[in-house]
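Worksheet: the structure to be examined is printed underneath.
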Amino acid sequence: MTATSAGGGTREQGRSEYGVALFLGALGLLVVVSALLLPESRITRGPVGPAAVPIVVGGLLVVTSVFLAVDVRRGGRGEPEGGEDVDLTARSDWRTVGLLAAAFVANALLIESLGWVISGAVLFWGSAFALGSRHYVRDLLIAVGLSVGSFYLFALGLGIVLPPGILRGIL
Amino acid sequence: MDAFADLAGGFATALTPTNLAFALLGVLLGTAIGVLPGIGPAMTVALLLPLTRGLDVQQALIMFAGIYYGGMYGGSTTSILLNTPGESSSVVTAIEGNRMARAGRAAQALATAAIGSFVAGTIATLLLALLAPTVADLAVQISPADRFAVMVLAFIAVTSVLGSSRVRGLAALGLGLTIGLVGIDFTSGQQRLTFGIAELADGIDVVVVAVGLFAVGEALWTAAHLRRRPLEVIPVGNPRMSRADWRRSWKPWLRGTAIGFPFGAVPAGGAEIPTFLSYVTEKRLSKHPEEFGKGAIEGVAGPEATNNASAAGGLVPLLTLGIPTTATAAVILFAIESYGIQPGPRLFDTEPELVWGLIASLFIGNAALLLLNLPLAPLWAKLLRIPRSYLYAGILFFASLGAYAANANQFDLFLLLVIGALGFMMRRYGLPLLPAIIGVILGPYAEEELRQALQISNGDLGGLFDPMSVVVYAIVALVLLWPLVRLALPRRATVPVLGEAVHEIEEAHHHTGLTESVSVERHTRREE
């Protein structure tokens, strides 16, 4: 990573920081407006109705968004979170994030039709693939082991039955 | 003393074979997970929340408490053996600890961390046992107006951590409070922020929020910035200390305990400030100040003791007021509530067996941690080599599992991804997670107390003010307006040690974060 591209990344973050302020402001307005639109309720007890707190919280968000925008304008920047495995000097790797989200959504879509054992294995295998693992067979064995193991752990240990899906009767 | 009789009763509860097994399981799980990079104790407890469905409340709490203490231990191992710290509370351990490890003294660093944590944990748990019943007795008398004021203080204190951006803390708090608002309002029966989506009527499950913010958000964030070159792990033998190491460690352990416990007990944003305070104190008092920055054992012993003492201190407001001061404590609070038990001043009267069993199991867990961690250190070090693809795939796998199992609802999985994306954004733009999770969990209770207080006063806003709540609001105003207050104070009035600690925190943030990262506080300081 060269110095010029790192500098570009900072300028880019400067602009996207305004996006955070915009998001907070819009969310705050949404909270306030939806509170004002609440119908009068005859069963409301107590002088403070259901709208009071949302108006305060929404107001807090709007005020914060203004302060944040001012802070960004004066050169303030949010500090990205570090961690053991986090390398902040490189650019964001959106391909990996996209693949992970795809594996995640696949699980959400398949869990009730195909069942947890299959959808969970898809999730693990897909995530491992997205993160760069290329041991296809070993990954598959681990994925199936985890999903079958967790299925029985929840069923026998906690009394929670995860969806068996198309494997109903086999498990 | 009464407390000792109660504590003896607690040991009788905690020493039953099942409870003992859960305490040991908790500390083992907590340490293992604390060692694993990328997973903190808050995420662990969040991922294990579904277990509350299958476990008895006593066992679940004993296990969670073990995870809480174990996670602190595990985190120190990581920061000593790897060059980068995981949790904010172990940032300072990494400074001296890693230098010691590089100089071939990893075993001594691990030993002083483990023994110091044991000493501090034991003293602090004893303080907890002695203090908590008294605090609870006092707290029973406070009114809903006071409780609301204390909750406001907790909100403001966790957003205004020294050395970090205040406006970003408030933004995170607002996001958390907003999530907490979603669902049917209990007093009026009206739906708020549900937009006609039936699944949102019951509110967003805290399991989904906690797992989304901590687990999914962390996995996505790390994946976007994954180190391609694996970190170098420093090999370690069995931890042991020489006589000189002991001589240089015991005072920092005790001072660390004294600093950590009170800071943990007040809602001031977790263990980061006290650990830095301890570091700076040791640096000033040390007979070998020249060794600091090159691997001084005092710089590991003090902060590690502080870390554990503040973990125990954090249980005081949690058990006596129902107010969490750390993210892990917030999730534990939710776990207690999910059993229909309201943590608060009456807990010691209504559930004595539960509370004292929990406190006794903290002593047992602490001793178990010492016995386990000294011989097992080489094994824990091996955990650091786990392939990252499996680690983060596993986090996503268990996150989905936990969130789905909570309500058996497909919708929750999509919600989990949305909240995970929110967690990603917060990490990207430096919005702290602690105020958000405290807002989600404590927000609904604060609203309830507020309404109750106003019902009592029949709508008169004056009902919110009585002598105690006025004092609390004065503290809130002081914390909020601190930058202005500081300008008004003469220069000498600021405690030099505190100023130095803030400076160290900023330095550390500077090194771990982007070099260009500038927070509000830094900004105003430059202008001065």
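Protein sequence lines, in the order shown, are assigned to chains E and W.
Residues 9 to 179 (this note's numbering) are what the first sequence spells out, left to right.
Residues 246 to 773 (this note's numbering) are what the second sequence spells out, left to right.
Glycine included, each C-beta is placed from N, C-alpha and C at the ideal position.
- Among the residues of chain E, those whose CB is under 7 Å from the CB of W:Phe659 are Ala116, following chain order.
- One finds Leu465, Ala468 and Ala469 in chain W with Cβ atoms closer than 7 Å to the Cβ of E:Val105, taken in chain order.
- Between the alpha carbons of W:Glu598 and W:Ala277 lies a distance of about 29 Å.
- Across the structure, W:Asp247 and W:Ala464 are spaced so that their CA atoms are roughly 47 Å apart.
- Below 8 Å, enough C-beta pairs join the region 416-429 of chain W and the region 438-452 of chain W to call them touching: three or more.
- In this structure, W:Ala268 sits away from W:Gly316, with a CB-CB distance that is not shorter than 8 Å.
- Taking the beta carbon of W:Ala638 as reference, the chain E residues within 7 Å of it are Phe132, Ser135, Ala136 and Leu139, listed in sequence order.
- For E:Gly67, the uninterrupted alpha helix (DSSP H) segment begins and ends at Ala60 to Arg81.
- E:Pro172 does not reach chain W, its nearest Cβ partner there being about 12 Å away, counting only Cβ pairs nearer than 8 Å.
- Counting along the chain, W:Asp430 sits inside no alpha helix (DSSP H), nor does DSSP assign it H or E at all.
- Contact annotation: the region 699-710 of chain W does not touch the region 493-507 of chain W, with fewer than three C-beta pairs closer than 8 Å.
- Collapsing the DSSP output to three states places W:Arg437 in a strand.
- Taking a 10 Å sphere around the C-beta of E:Trp102, we find fewer than 16 other C-beta atoms and assign the residue as exposed.
- Excluding five sequence positions before and after W:Arg485, the CB atoms of its chain that fall closer than 7 Å to its own CB belong to Ala352 and Ala356, given in chain order.
- The DSSP assignment places 336-347 and 351-385 as complete runs of the alpha helix (DSSP H) inside the region 325-386 of chain W, in order along the chain (cut-off: 4 residues).
- W:Thr526: member of the alpha helix (DSSP H) spanning Glu517 to Leu530, first to last residue.
- In the structure shown, W:Leu269 adopts helical secondary structure according to DSSP, grouped into three states.
- Apart from sequence neighbours up to five positions away, the residues of its chain that approach W:Leu375 with a beta-carbon distance below 6 Å are Ala248, ordered along the chain.
- Comparing alpha carbon positions, the residue from W:Leu563, W:Leu418 and W:Leu420 closest to W:Pro588 is W:Leu563.
- Going by DSSP, W:Lys627 is part of the alpha helix (DSSP H) stretching over Pro597 to Leu628.
- Looking at the DSSP output, W:Leu660 bridges to nothing.
- For the region 150-169 of chain E, the set of residues with a beta-carbon nearer than 9 Å to any beta-carbon of chain W comprises Ile150, Ala151, Leu154, Ser155, Ser158, Phe162, Gly165, Leu166, Gly167, Ile168 and Val169, in chain order.
- For W:Asp251, the enclosing alpha helix (DSSP H) starts and ends at Asp247 to Ala259.
- For the pair W:Lys627 and W:Thr423, the Cα-to-Cα distance works out to about 42 Å.
- Per the coordinates, the alpha-carbon of E:Asp79 lies some 8 Å from the alpha-carbon of E:Arg85.
- In the displayed model, E:Val94 falls within a strand according to three-state DSSP.
- Inter-segment contact for the region 358-365 of chain W and the region 679-699 of chain W is absent: fewer than three beta-carbon pairs are separated by less than 8 Å.
- Counting along the chain, the unbroken alpha helix (DSSP H) around W:Arg392 starts and ends at Pro389 to Thr404.
- Put simply, of W:Val454, W:Gly675 and W:Val511 the residue whose alpha carbon is nearest the alpha carbon of W:Val663 is W:Val454.
- Sequence-distant Cβ neighbours of W:Phe256 in its own chain, meaning closer than 6 Å and more than five residues away, are Ala605.
- Distance from the Cα of W:Leu624 is smallest, within the candidate group W:Met288, W:Thr323 and W:Glu693, for W:Thr323.
- Going by DSSP, W:Asn483 is part of no alpha helix (DSSP H) at all; its letter is neither H nor E.
- With distances taken between CA atoms, E:Val28 lies nearest to W:Arg413 out of W:Arg413, W:Leu678 and W:Arg500.
- Interface flag for E:Leu76 against chain W is set, since a Cβ pair is found closer than 8 Å.
- Looking only at W:Leu294, W:Gly361 and W:Asn343, the smallest Cα-Cα distance to W:Pro497 is reached by W:Gly361.
- At a cut-off of 8 Å between beta carbons, E:Leu108 contacts chain W.
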